[in-house]
Structures are given as structure tokens and as C-alpha cells.
Amino acid sequence: MAVIDGKALAATIREEITHEVEKIKELGGKVPHLAAVLVGDNPASQSYVKSKVKYCDDVGFESTLIKKDESITQQELIELVTDLNKDETVDGYIVQLPLPRHIDQEVVNLAIDPKKDVDGFNPMNFGRMALGLPAYLPATPQGILVMLERYNIETSGKKCVVIGRSNIVGMPMSILLSQKRDVGNCTVTIVHSRTKDVEQEIKEADIVVAAIGRANYITEDMIKPGAVVIDVGVNRLEDPTRKRGYRLVGDVDYANVSQKASFITPVPGGVGPMTVTSLIMNTLKSARKEIYK
Ligand code: GUN
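Below is the structure:
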């Protein structure tokens, strides 16, 4: 079994990007600039946005963090988004989710200029992605594709089971892996709450992508020997031996499944660092106008 070290791979990619930024600076070009909008004080969102800004700093990007109180109205947030669309110094930006309940996330995503939508959440980017046109790919699925590519994992003709059908992970992941692309050409099954025999579907998979949000849900008996296991889950398990009172575990029972898999991503240190690094990759693409000329 080999561990897919997302933390190390993400660091390598950020190093590559750091060199790209140095070259841009030497040539007097514009340094990529990511802005992040954070509404309210959700601790997980604060921590994610903090790491996004830190990664920007690490690679030499400019970054702007815009914090707004929970009480911001939808109209005010749309005005902020409209200003970011017009701001020529900003190459790409994200509005961290979840948003407070009084704000319609879909309305906000629609207001983001697709050219600056480095999260790939605007329906224009999702649609272009589904059609196989140049688009900003959502960060987690893109991070997984890069992992599979850099670890030379064969995907063509493989049976892949994606567990979970969210708009930001399961659904785009299943579309991308089924497409005719370098990392793709899989026969994809999406497993969800209405699937008749979840275990049987997973047992047949050469590649398993788990994105359900249930701690240690995927057990060793569900996994075909030699399968590639990608764990997107980030779940808190109470652990009084830890200072913070919990530890992070994935959707996969790592200790046992790793005995049977050919490749596996750990949690933490697997998909997570690749997700944030994807956003950095997209911001560089935006600054270079690679997706929209
Ligand atoms: N909340 C959880 N994941 C994400 C993400 O990738 N982007 C944004 N904007 N919000 C999130």
C-alpha cells in the first residue's frame, strides 16, 4: 500500500507556483491577487479562509481578506461582489460558504463574475466543466485529479464509485472522472442515500472517492483488494487525550482500509491541503487568463 501524501504534494505544487510568481515579478508582470469574503464567525470557515490567505502569502500572491458581520444583507453582499467583479486589481475571489440563512447562496454564486470565480461555483463554470470546455474546476475535485495524475494512477477503464452527490465534491467529481481527459475515462457510479446496496457498489470499485461526512463509514470489508481510496471526509471525533478535545478523521476507517488498498489518502494530510492548493492554481490561471482569454 502507498500513502498519497497530499500535504507533501501540495507543498511541491506551491513551490512550483512560487517560482512562477518570481518569474512574473522579474518580468514586471502583475502578481496574482486572490480576495476572500468571510461572513460571520463560523470557526471552521475562519480557519479555512485563514489557510487560503496564508497559502497566498507563501507563494507570493497578493491577498485581501474581507470580513463582514453576520448581519450583512443579501443586497449588501451582492454589492460587495459587484465591486470585486469590477476591481481590476483582483484576479479571483471566493465567498466562503456556508452563508447566513438569510442569504441565498445561489443568488450570490450567480453574481460572481465567472472569469473571477476561482472556486468554480458559478453555474457558468459548472456548466462549462460538464461540457468539457475550459472552466475553473471546483477545488476539491481538481485537487483529487492532480493527486491521481502526479501519483501516475491509471484511471482509464476503471470502475469508480463516488460516495456523495454534493455540488462541490461528489457531483463534479463524478462528471470529471467520467470525461475523456488525461485523468478520466472511468466508469462512474454515484452512491447516495437512496442507493439500494451501497456496500455492493463500493466492493466493485477500483477507485473509491468518499465524500459523505460520516466518520470511519467505509470499512475494510467494503473495499476490493488493491483499490485506490480517496477520502474527502473531515469529521471531528471526540478525543479527551487531545488538547482541543477532538481529533480529525475521514470517512474511511484508515487503519484497516489501508491494509487492503493500493493507494490511500490520509486525513488529515490528504485531500485537504490539495483543495486549498487548487484554489491557488486557479488564481494563477486567472491572472494568466488561461481559462477566459
Ligand atoms: N466551504 C466549504 N468548502 C468551500 C470551498 O471550497 N469554497 C468556499 N467558498 N466555501 C467553502
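Each residue of the sequence shown is one higher than the one before, counting from 2 in my numbering.
Just so it is clear, CB atoms sit at the ideal spot from N, CA and C, and this is done for glycine as well.
Note that this is a predicted model, so its numbers are computed, not measured.
Residue closest to residue i, alpha-carbon to alpha-carbon, out of the options
i: PRO101; options: GLY93, ILE73 and ASN86; result: ILE73
i: LYS26; options: GLY61, SER52 and ALA9; result: GLY61
i: ILE67; options: ILE145, ASP58, LEU85 and ILE203; result: LEU85
i: LEU285; options: ASP6, ARG15, ALA3 and VAL163; result: ARG15
i: LYS160; options: ASN186, ALA112, LEU149 and ARG151; result: ASN186
i: ALA131; options: THR278, TYR293 and ARG182; result: ARG182
i: PRO274; options: MET148, GLU80 and GLN106; result: MET148
i: ALA36; options: ALA288, MET172, LEU178 and ILE292; result: ALA288
i: THR220; options: THR242, ARG245 and ASP254; result: ASP254
i: ILE79; options: ILE281, GLN106 and THR65; result: GLN106
i: GLU23; options: MET2, ASP58 and LYS244; result: ASP58
i: VAL50; options: LYS294, ILE292, THR276 and TYR293; result: THR276
i: SER167; options: GLY158, LEU81, SER179 and SER194; result: SER194
i: MET282; options: TYR56, ASP42, LYS87 and ARG245; result: TYR56
Residues near residue i in its chain [Cβ-Cβ closer than 7 Å; skip 5 each side]
i: LEU238; result: ALA216, TYR247, ARG248 and VAL250
i: ASP118; result: ASN126 and TYR137
i: MET223; result: GLU200, ILE203 and LYS204
Residue i burial status per 10 Å Cβ neighbour count (16 or more: buried)
i: GLY29; result: exposed
i: THR13; result: exposed
i: PRO44; result: exposed
i: GLY121; result: buried
i: LYS53; result: buried
i: PRO124; result: exposed
i: ALA256; result: exposed
i: MET1; result: The question about residue 1 has no answer here: the residues shown for the chain are numbered 2 through 294.
i: THR156; result: buried
i: GLN143; result: buried
i: GLY93; result: buried
i: PRO115; result: buried
i: ASN153; result: exposed
i: MET2; result: exposed
i: SER48; result: exposed
Proximity below 8 Å, CB of residue i to CB of residue j
i: THR8; j: GLY270; result: Residue identity differs from the one stated: residue 8 is Lys in this sequence, not Thr. Yes, they are a contact pair.
i: ILE231; j: THR196; result: no
i: LYS69; j: VAL38; result: yes
i: VAL268; j: VAL235; result: yes
i: VAL40; j: GLU71; result: yes
i: ILE208; j: VAL229; result: yes
i: PRO135; j: ILE292; result: yes
i: GLY133; j: GLN180; result: yes
i: ALA11; j: THR278; result: yes
i: HIS103; j: GLN76; result: no
Own chain residues within Cβ distance below 8 Å of residue i, not counting five before or after
i: VAL233; result: THR141, ILE145, GLY165, VAL170, VAL210, ALA211, ALA212, GLY251, ASP252 and VAL272
i: PRO226; result: LYS261
Residues of its chain near residue i, where Cβ-Cβ distance is below 6 Å and the 5 sequence neighbours each way are ignored
i: GLU63; result: VAL32 and HIS34
i: PRO139; result: GLY121, ILE169 and PRO173
Where the beta carbon is closer than 5 Å to any heavy atom of the ligand GUN, which residues qualify, in chain order?
That query returns the following residues: ILE95, GLN97, LEU98, ASP120 and ALA140.
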